[in-house]
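Protein chains in written order, with my numbering: chain A, 1 to 373; chain B, 1001 to 1373.
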């Protein structure tokens, strides 16, 4: 496939951290990169122009949500997801699998795929590897994800083994279904739960099929951070070094730093946007819950060292007032700040890796959070 | 008082429509003007920068809401409302009277003022002419409104007469309380209900006291449009021609056109912002309820002739999708469009008056709404 080219620019001398550049049909992306989540054809509360201001180079779209509403065929007839939502940079779409498997009693799985009921109106639907590919192509995705099962944690070895084997069979169907002349890239997703040998088998089966990049799925599903880092430790080194590595649904700022240290190139998570709407703001000193009474008359910005529009312009007192008053602008400003925090953190890591200073960056990152200074 | 200077630039040859310019301590305002409402230190869903992009020259702040939350003293200590909300253009504040009188059973009125219970937490408060002035000054308002009673409709003549007389006594107390060296402008508010002689008496009493401008209160309180226009017809000509005239809480696009035709210079209303959040969009062809199924695949902008960012960028299908999905961006984009519609309508009227073409503007305005073409 030639839809994607990945240049590995530098690998940190002391850790596995990688500085790279991903060339897609809609422009290039410096890695490691964080992808804000645009679930329903919008990154919640932000304009596309604001996302660009913030330096977002790629966002994630959710196949499940767009499949149900307004429907991928409607989006396709309207010129695709990029045009629909006014975003001309790359979009990575998930496969819909994660949301469908999260439906619990509302879904039934077999070798063909998953039958499920919509969380919106209870209507019945089928999602298979082939349908997921067709939907993601209809949306106009630049990076398409294989349809797989995201295995919960904890899970019995037998279940994980069977599920992972099926995900591999589905991965092959995805690749065949997309076809050799697809202009979008296709990523395989490593499963295997928290069993190192099953992770290894999953990697081997996927690499044998051959993808433009590889994701590690089944992380950030409720396990301890140490378990997640261990899984990264035994999985990431198995992946082809010259291809991008994506850890799905991760995570906290600490998770990003630890993921990068272990050689992850791509991340996505609803954390910055969802926390923002709940009044939780990220700073280099840790999290700030802006609703606290202590901020009622605080003239300082959320993070006095932050260079974002919100911190240059508004006081904690104002942000608290907006949040307490249930104002829409609270969500807008809080989201703007949090997305800035996440994208700026990635930028700092990219610089640190380029200068072979990732270890000291990582030490300083933790020191500031621990000392609050 | 010298806080405000009003230049009457042109009066339309056929109607009473006036083209003017209001000079305030924070910049000048072309009239007739519409003031977006920023109830709780934010025009709901918009950034101050977006308001400027839209050409808003002045906004309205609500004394009642800011008095209760976060409190005018806190805002004052944080540098005033302008700094608090990052808006450096003029702000007109209402007196709090309208909201307090709307509380029904939660308020008790006497000559001193109004005792009321907060709609937020039931706490007891007193608002008097003197307190209202102090609050508006603490906020840093550029145009302060007298504390008065907004009389409901319909209302008995005796009640209207007594209430209007008290509002006049309160108006005198407002002026005395503000003092001769105030740097903010002060507007009197004409009451008198729908009784022409009581409106006349109100005007005479207020003009006798002397204000920087005059508002017509007690309109848009549930009366038929024809009753409102009649009240404008017998009230506005009584006001000093060389001073600005403001009709409070008005109104629909038709109300604005009819108000301007009768010599109104200033308007405010929550209609563009509130309707936006309910998915109702203004166009030159009339209102569009964007949630309707007919728009599900409509690639056209809300108003193909509208030059605003939203209409240049997004389809009806996308706006419908955002609204149906409960997305914050729906409120942002819909508000942006509606405020543009209102401000653009005022701009069109200012041009028409300058060119002595207001009558043909008004005819065309109605023709397009009626024919939808």
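In this text, a Cβ means the ideal position worked out from N, Cα and C, and glycines have one as well.
This one's a predicted model, so the numbers in the text were calculated from it and none came from an experiment.
By the criterion of Cβ-Cβ separation under 7 Å, what are the contact partners of residue 1042 (chain B) in chain A?
Under the 7 Å cutoff, chain A gives 322, 327 and 329.
Beta carbon of residue 170 (chain A), beta carbon of residue 146 (chain A): below 8 Å?
Residue 170 (chain A) places its beta carbon less than 8 Å from that of residue 146 (chain A).
Per the DSSP calculation, residue 1005 (chain B) is bridged to which residue(s)?
BP columns for residue 1005 (chain B) point to B:1023.
Nearest residue (CA-CA) to residue 267 (chain A), options A:334, A:201, A:342 and A:290
Ranking the options by Cα distance to residue 267 (chain A), first place goes to A:342.
Three-state secondary structure (DSSP) at residue 43 (chain A)?
DSSP places residue 43 (chain A) in coil when its eight states are reduced to three.
Check each residue of the segment 300–322 of chain A: if its Cβ is closer than 7 Å to any Cβ of chain B, include it; give the result in chain order.
Identification of residues in the segment 300–322 of chain A having a C-beta nearer than 7 Å to some C-beta of chain B yields 313, 314, 315, 317, 318, 321 and 322, given in sequence order.
Going residue by residue through the segment 283–347 of chain A, where are the continuous beta strand (DSSP E) segments of at least 3 residues, counting only ones entirely within it?
Listed in chain order, the complete beta strand (DSSP E) runs (minimum 3 residues) inside the segment 283–347 of chain A are 286–289.
Is residue 315 (chain A) closer than 8 Å to residue 298 (chain A) when the C-beta atoms are compared?
Yes; because the gap between Cβ atoms is below 8 Å, this pair is in contact.
Quick one: does residue 1334 (chain B) have its CB under 8 Å from some CB of chain A?
With 8 Å as the cut-off, residue 1334 (chain B) does not count as an interface residue toward chain A.
Through-space distance from residue 312 (chain A) to residue 301 (chain A), alpha-carbon basis
The alpha-carbon atoms of residue 301 (chain A) and residue 312 (chain A) are separated by roughly 7 Å.
Thinking C-alpha only, which one of B:1066, B:1140, B:1071 and B:1030 is nearest residue 1056 (chain B)?
With distances taken between CA atoms, residue 1056 (chain B) lies nearest to B:1030 out of B:1066, B:1140, B:1071 and B:1030.
Sorry if obvious, but does the Cβ on residue 1071 (chain B) come closer than 7 Å to a heavy atom of the ligand MG?
Questions concerning the ligand MG fall outside what the structure shown contains, since it holds no ligand whatsoever.
Roughly how many angstroms separate the alpha carbons of residue 1370 (chain B) and residue 1050 (chain B), rounded to a whole number?
A straight-line Cα-Cα distance of about 31 Å links residue 1370 (chain B) and residue 1050 (chain B).
What are the start and end residues of the beta strand (DSSP E) that includes residue 1215 (chain B)?
Note, residue 1215 (chain B): beta strand (DSSP E), 1213–1216.
Only counting runs of 4 or more residues, tell me where the alpha helix (DSSP H) segments fall wholly within the segment 1221–1262 of chain B, in order along the chain.
Those alpha helix (DSSP H) runs which fall completely within the segment 1221–1262 of chain B and span 4+ residues are 1225–1235 and 1253–1261.
Within-8 Å CB hit, residue 1271 (chain B) to chain A:
At a cut-off of 8 Å between beta carbons, residue 1271 (chain B) makes no contact with chain A.
Output needed in chain order: residues of the segment 59–88 of chain A with a Cβ under 7 Å from some Cβ in chain B.
Of all residues in the segment 59–88 of chain A, 69, 70, 74, 77, 78, 84, 85 and 86 have a Cβ within less than 7 Å of some Cβ in chain B.
Less than 8 Å between CB atoms is the rule here; does residue 155 (chain A) satisfy it with respect to chain B?
No - not a single Cβ of chain B is within 8 Å of the one on residue 155 (chain A).
Once you ignore the five residues that flank residue 1206 (chain B) on each side, which residues in its own chain have a CB closer than 7 Å to its CB?
Within the same chain, residue 1206 (chain B) has close Cβ partners 1168, 1171, 1188, 1190 and 1214.
Identity of the residues DSSP links to residue 33 (chain A) by a beta bridge
Answer is A:266.
For residue 1206 (chain B) and chain A, any beta-carbon pair shorter than 8 Å?
For residue 1206 (chain B), the answer is no, since every Cβ of chain A falls outside 8 Å of its Cβ.
Are the C-beta of residue 1 (chain A) and some C-beta of chain B separated by less than 8 Å?
With a pLDDT of 45 at residue 1 (chain A), under the threshold of 50, the modelled position of that residue is not reliable, and no figure is offered here.
Would you list, in sequence order, the uninterrupted beta strand (DSSP E) runs of no fewer than 3 residues that lie entirely inside the segment 1185–1209 of chain B?
Entirely contained in the segment 1185–1209 of chain B, the beta strand (DSSP E) runs reaching 3 residues are, in chain order, 1185–1190.
Taking C-beta pairs closer than 8 Å, name the residues in chain B that residue 151 (chain A) reaches, listed in chain order.
Below the 8 Å Cβ cutoff, chain B contributes no neighbours of residue 151 (chain A), its closest Cβ being approximately 29 Å away.
Is residue 150 (chain A) helix, strand or coil when you go by DSSP?
DSSP places residue 150 (chain A) in coil when its eight states are reduced to three.
Residue 246 (chain A) and residue 233 (chain A): beta carbons closer than 8 Å?
It is not a contact, given that the beta carbons lie outside the stated cut-off.
Just to confirm the assignment, what range does the alpha helix (DSSP H) spanning residue 1360 (chain B) have?
Per DSSP, the unbroken alpha helix (DSSP H) holding residue 1360 (chain B) starts and ends at 1358–1371.
Give a yes or no on whether the C-beta atoms belonging to residue 1374 (chain B) and residue 1106 (chain B) are separated by under 8 Å.
The structure shown does not extend to residue 1374 (chain B), since chain B is modelled only from 1001 to 1373, so the question has no answer here.
Quick one: is residue 45 (chain A) near chain B, going by C-beta distance under 8 Å?
With 8 Å as the cut-off, residue 45 (chain A) counts as an interface residue toward chain B.
If contact is defined by three or more beta carbon pairs under 8 Å, each pair taking one atom from either stretch, is the segment 1324–1335 of chain B in contact with the segment 347–358 of chain A?
Taking a contact to require three or more Cβ pairs closer than 8 Å, the segment 347–358 of chain A and the segment 1324–1335 of chain B do not qualify as touching.
Report the rounded CA-to-CA distance for residue 1257 (chain B) versus residue 1217 (chain B), giving the unit in angstroms.
Cα to Cα, residue 1257 (chain B) sits roughly 18 Å from residue 1217 (chain B).
Span separating the alpha-carbon of residue 1001 (chain B) from that of residue 81 (chain A):
Reliability of the predicted coordinates at residue 1001 (chain B) is poor, the pLDDT of 45 falling under 50, and the value obtained from them is presented with this limitation in mind. Whole-angstrom Cα-Cα distance: 58 Å.
I'd like to check one pair, residue 220 (chain A) with residue 249 (chain A): are the Cβ atoms closer than 8 Å?
Cβ distance < 8 Å, so residue 249 (chain A) and residue 220 (chain A) count as in contact.
Within chain B, the residues that residue 296 (chain A) reaches when beta carbons sit closer than 7 Å:
Those are 1070 and 1074, listed as they occur along chain B.
On the three-state DSSP scale, how would you describe residue 131 (chain A)?
Residue 131 (chain A) falls in the helix class under three-state DSSP.
Using 8 Å for Cβ pairs, my map puts residue 1066 (chain B) next to residue 1058 (chain B). What's the rounded Cβ distance?
With a beta-carbon spacing of about 17 Å, residue 1066 (chain B) and residue 1058 (chain B) fall beyond the 8 Å limit used to define contacts.
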